[in-house]
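The listed protein sequences correspond, in order, to chains U and Y.
Okay, so the first sequence: first residue is 3 according to this note's numbering, each after it adds one.
Okay, so the second sequence: first residue is 1038 according to this note's numbering, each after it adds one.
By construction, the Cβ of each residue, glycine as well, lies at the ideal position given by its N, Cα and C atoms.
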Amino acid sequence: MLEIRNLHARVQDAEILKGLDLSIGPGEVHAVMGPNGSGKSTLSYVLAGRDGYEVTEGTVRFRGRDLLELDPEERAGEGVFLAFQYPVEIPGVANTTFLRESLNAVRRYRGEPELDAIKFLKVLRERARKLGVADDMLKRAINVGFSGGEKKRNEVLQMALLEPALAVLDETDSGLDVDALRTVADGVNALRSPDRSMLVITHYQRLLHYIVPDVVHVLMGGRIIRSGGAELALEVEEKGYGTYVGEAA
Amino acid sequence: MNSMIGATATGVPSWLRSHEDAQARLPGADRPWLCERRAEALAAFAASGLPTRRNEAWKYTDLKALGSVPLMPAVTMPEPATACPVPTVLADDDVAARLVFVDGRVRPDLSHSRDLPAGVVFADLTAGLSRHEALLEHCLGHRNGITGRSLLALNTAFMDGGFMLRVPRGVRIAKPIEIDRLSGQARGSDGAPLAHHPRIIVWIEDGAEATVLENWAGGGDAVYFNNAVADVWVGNAARLRHYRLQDEGAAAFHVTTLRAEVGRDGDYETFSFSTGARLSRLDADIGLAGTGAHVGFGGVFMMRGRQHCDTTSVIDHHVPHTACREVFKGVIDGNARGVFQGRLVVHPGADKTDGQQSCRTLLLSDGAEIDAKPELEIYADDVKCSHGATAGQLDDNALFFLRARGIDERTARRLLIEAFLADALDQISLPALRTRLTERVEEWMRDRREEHE
Ligand SMILES: Nc1ncnc2c1ncn2[C@@H]1O[C@H](COP(=O)(O)OP(=O)(O)OP(=O)(O)O)[C@@H](O)[C@H]1O
Ligand SMILES: [Mg+2]
C-alpha cells in the first residue's frame, strides 16, 4: 500500500527527515510515536504534498505509484487523507459547501458520479450523526468557532466521507475528552477494512487501546529507530524516549 | 479637432477650447441660469486645472495620463453609436424603470418607466430640463461646492447627461431603478476619445423609499473619460439603496464624485462593485445630518494588470445618534494598485456616534499594491468609533487544506476569495444583485486564470 524508502525531507533550511523507511501493507494500522519536534507532522505533510516540505532523497510509492510527483488534490483523489494536527479555520466557507466540493472533487477524480445536493445531504447527515457532529457545525464556516474537540471530529467526518485508502491521523486524539475519543475511535474503526490502511500519529497509548495497531514505530531524529507490536507503545509510555537516544544517532 | 492635442499637464487650455466647441450643444444652452452656472464652474476649473498629486486628497492617484489625452466632449460627437448589445444587470420585469445610455446618448428604445408610482420624477437630464426645470435648478443650486473641487466644477461646466430621480414624500418604489451606461463604443472626429460628464440627482423625500442601480459598462479598449457627479438627498425616515457597478472599459478613466446627505432616521446604503477602468475613483462625501441617520457605505474592488482603483471618502457625523458602517474589500492582482482613503469625522456635539470603518485587501501577486489610509477625527464625547485596514495574501494553510481534500487549486483559490469577499457582498440586500455579483467574481477569477495561462 505505502512504501517509504530512505526519505529525506527539509523544511526551510533544516533537514527534518533523515532517511526514514516505513512500509504499510493493505488493511494494516501503524502507529507512529515520537517526541515533540521529531518530524511526525513533517512526515504527514510530505505524504499529503504540502509546499515547502522538500524531499531531497528517497521515494514514496503508494499503490504502486510515485506519490511525490502528484499534487495534493491528486493525492486526495488517489486515496490519501491527512487529518490535520491543527485543523484550519476558514471563515466565509460553509462547512457543508466545502464537504460537498471535496467529496465531489474526489468522486470525479475516481470516475464516480457526483452527488447532487439531496443525495449529498443524506450521506452527510448519516455520517455526521454517527460521529456526533451537530447540524449546527455543518452550517457554520469551516472550523470557525469550533472547540478543539469539535475540530478533530470534523476531521474524522471528512475522512468518513472521503473513504480514503490511506488515512494519516496526526494526533487526532489530542484534546479529546474520553467520550469523544471513543466516538472518534469508533469512526476510525468503522473504516477499517482489508484494503484500507492507517498511519496513526499519537503521543498516547490510550488511543491505541481503542484503535489497536498492527505495528508501532518510534520516530526520533528524523528516522524510525524502533518498530514493534502494540506492546512497544506501552514501553514508550512507561520509559519515555530517553532510553532510545543512543539509537537515534 | 487637432487643436486639442498638446494639453498642458493640467489640461486647462484644451478643456477651455473644447468648451467653446461644445457650448452650443450642451443641454440647456438656451437657459441663462444654467449657462451662468456653467461659466462660473468653468472659471473655477480653469483656476485649478485637473487635480494633481500635490493635492493631499489626490496623493496616491495621478491624473497625468488623463491630462495628456486629447479628449472630446461627447456632445460634439456627430453620430451616436448604433445597435450594440447593452449589458444589463436585472431583468426588465425586475425593475421599476430602466434608463439606457450608449456613449452618453439616451436609448429610448431600450428604456422604460413601466412600474413607477405616480408622482415620481425620473428622467434623463435633457428631458428633465424641459419638464422639471425648476426642480433641476433647485437641486443644482442647492449644492454648488465647486471651489477646490475641479472635477466637480468640470462636470458642472460640461454636464451633458445623467438623470434625475425624485421620489415624493412617503412613496415607496418596490423594484429597483436601473441605469445602464455603456461607453467606449464610438469615438469623436479624428478618432478622439470622448469625455462624458453625467450628472446624477437623486432626491428621496421624507418617508420615501427607492433602490437605484447604476451600471457603468464599457466593452472594448477604447480610451474615454466618465466624469460623473452624483448628488443624493435622503430625507427624514427615507431609505435609499444605491448600488454602483463600475465595469468600464480597459483603457477608460472613471471618476464619480458622490455627495450625499441623510436626514433624521434616514437610511442610505451605497455599495460599489468595481472591476473596470484603467483608472477609477470614487470620491464620496456623505453627511449624516439628522439624528438617527444611518449610512452603509461599502464596496468590493477587484483589480489586475495595471489598473488603479481609488476610494476616497469623508463621512461627516453632524448630530448625535448617527451610525455608519463602512466595509470595503479589495482583491488586487498583477501590478494593479488600490487606494483607500477613508475619513470619519465626528463633529462637536455629535455624541453617541457609532462609526465603523474597515478596508481589507487581498494581494494576489508581488506587484499588487494598496495604499490604505483610514482616519478618525473625533470632536465629540461618548462615541463608538473604530477603523482598520489590513492587507494580506491568501492563507497558504487554508489553500493546502482545501487541496488536501481533493479540491483543485483554482477552485480552492476561488472559494477562498469568495469567502474573503462574502461579508462585504452580504451588505447587498437585493438577492438578484447579490447573485449577479457572485457570478462576476467567478468571471473575474476565470479571466484572471486565462491571463495567467
Ligand atoms: N514551517 C517550518 N519552518 C521551520 N521549521 C519547521 C517548520 N515546520 C516544522 N519545522 C521544524 O521541524 C521539526 C519537526 O516538526 P514536526 O512538526 O514535524 O514535529 P512533530 O514530531 O510533529 O512534533 P509534535 O509532537 O510537537 O507535533 C521541528 O523542529 C519544527 O520546529
Ligand atoms: Mg506534530
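Which residue from the options puts its Cα closest to that of residue i?
i, options, result
"residue 1348/Y", "1378/Y, 1071/Y, 1475/Y, 1182/Y", "1378/Y"
"residue 204/U", "32/U, 12/U, 4/U", "32/U"
"residue 1157/Y", "1192/Y, 1188/Y, 1210/Y, 1166/Y", "1210/Y"
"residue 1410/Y", "1398/Y, 1292/Y, 1071/Y, 1416/Y", "1398/Y"
"residue 202/U", "196/U, 213/U, 192/U", "213/U"
"residue 1342/Y", "1394/Y, 1208/Y, 1486/Y", "1486/Y"
"residue 254/U", "4/U, 235/U, 211/U, 150/U", "With chain U covering 3 to 251 only, the question about residue 254/U has no answer from this structure."
"residue 1092/Y", "1187/Y, 1265/Y, 1365/Y", "1187/Y"
"residue 129/U", "36/U, 59/U, 190/U, 28/U", "190/U"
"residue 123/U", "146/U, 97/U, 145/U, 143/U", "97/U"
"residue 1353/Y", "1373/Y, 1104/Y, 1338/Y, 1391/Y", "1391/Y"
Do you know how far the Cα of residue j is from the Cα of residue i?
i, j, result
"residue 232/U", "residue 244/U", "19 Å"
"residue 163/U", "residue 46/U", "20 Å"
"residue 1295/Y", "residue 1228/Y", "30 Å"
"residue 1089/Y", "residue 1203/Y", "35 Å"
"residue 1238/Y", "residue 1161/Y", "10 Å"
"residue 220/U", "residue 34/U", "6 Å"
"residue 1218/Y", "residue 1413/Y", "35 Å"
"residue 1065/Y", "residue 91/U", "59 Å"
"residue 1423/Y", "residue 1163/Y", "43 Å"
"residue 1260/Y", "residue 1109/Y", "11 Å"
"residue 1170/Y", "residue 1240/Y", "15 Å"
"residue 1123/Y", "residue 1249/Y", "18 Å"
"residue 1150/Y", "residue 1133/Y", "6 Å"
"residue 1484/Y", "residue 1455/Y", "15 Å"
"residue 1438/Y", "residue 1381/Y", "39 Å"
"residue 6/U", "residue 70/U", "11 Å"
"residue 165/U", "residue 117/U", "15 Å"
"residue 1200/Y", "residue 1165/Y", "8 Å"
"residue 234/U", "residue 113/U", "41 Å"
"residue 93/U", "residue 1457/Y", "8 Å"
"residue 1247/Y", "residue 1253/Y", "19 Å"
"residue 1046/Y", "residue 1101/Y", "A caution first: residue 1046/Y carries a pLDDT of 42, below 50, which makes its placement in the model unreliable, though a value can still be read off. The alpha-carbon atoms of residue 1046/Y and residue 1101/Y are separated by roughly 6 Å."
Counting along the chain, where does the beta strand (DSSP E) carrying residue i start and finish?
i, result
"residue 1340/Y", "1331-1340"
"residue 1268/Y", "1261-1271"
"residue 226/U", "225-230"
"residue 1192/Y", "Note, residue 1192/Y: premise wrong, no beta strand (DSSP E); alpha helix (DSSP H) at 1187-1195."
"residue 1430/Y", "Element bounds for residue 1430/Y: n/a, residue is neither H nor E."
"residue 1402/Y", "That residue, residue 1402/Y, is in no beta strand (DSSP E); it is neither H nor E in DSSP."
Compute the minimum distance between the beta carbon of residue i and the heavy atoms of ligand 4, and state whether it is under 7 Å.
i, result
"residue 1430/Y", "Ligand 4 is not part of the structure shown, which contains ligand 1 and ligand 2 as its ligands."
Chain U beta carbons: is any one of them nearer than 8 Å to that of residue i?
i, result
"residue 1181/Y", "no"
"residue 1506/Y", "Any property of residue 1506/Y remains undetermined from this structure, which presents chain Y solely from 1038 to 1490."
"residue 1415/Y", "no"
"residue 1241/Y", "no"
"residue 1023/Y", "Look at the range of chain Y in this structure, 1038 to 1490, and you will see that residue 1023/Y is not part of it."
"residue 1310/Y", "no"
"residue 1042/Y", "Bear in mind that a pLDDT of 36 at residue 1042/Y, under 50, signals an unreliable position, so the model cannot answer this."
"residue 1479/Y", "no"
"residue 1445/Y", "yes"
"residue 1427/Y", "no"
"residue 1195/Y", "no"
Alpha helix (DSSP H) containing residue i: first to last residue?
i, result
"residue 45/U", "42-50"
"residue 236/U", "233-241"
"residue 1283/Y", "Segment 1276-1284 is the beta strand (DSSP E) holding residue 1283/Y; no alpha helix (DSSP H) there."
Please check if any C-beta of chain Y sits within less than 8 Å of the C-beta of residue i.
i, result
"residue 207/U", "no"
"residue 243/U", "no"
"residue 74/U", "yes"
"residue 148/U", "no"
"residue 14/U", "no"
"residue 131/U", "no"
"residue 160/U", "yes"
"residue 4/U", "no"
"residue 55/U", "no"
"residue 93/U", "yes"
Between the region 61-71 of chain U and the region 83-92 of chain U, do three or more beta carbon pairs fall short of 8 Å? no
Closer than 8 Å is the cut-off here; do at least three beta carbon pairs connect the region 181-194 of chain U with the region 7-20 of chain U? No, they do not touch.
Between the region 1328-1346 of chain Y and the region 1302-1317 of chain Y, are three or more C-beta pairs nearer than 8 Å? yes
The region 1461-1479 of chain Y contacting the region 1422-1438 of chain Y, beta-carbon criterion three pairs below 8 Å: By the Cβ criterion, the region 1461-1479 of chain Y is not in contact with the region 1422-1438 of chain Y, since fewer than three pairs of Cβ atoms, one from each stretch, lie closer than 8 Å.
Three or more C-beta pairs closer than 8 Å, one from the region 1441-1450 of chain Y and one from the region 1292-1306 of chain Y: is that the case here? Too few Cβ pairs lie closer than 8 Å, so no.
Three or more C-beta pairs below 8 Å linking the region 49-65 of chain U and the region 166-180 of chain U: yes
Check whether the region 151-159 of chain U touches the region 103-113 of chain U, taking contact to mean three or more Cβ pairs, one atom from each stretch, closer than 8 Å. Verdict: no, contact absent.
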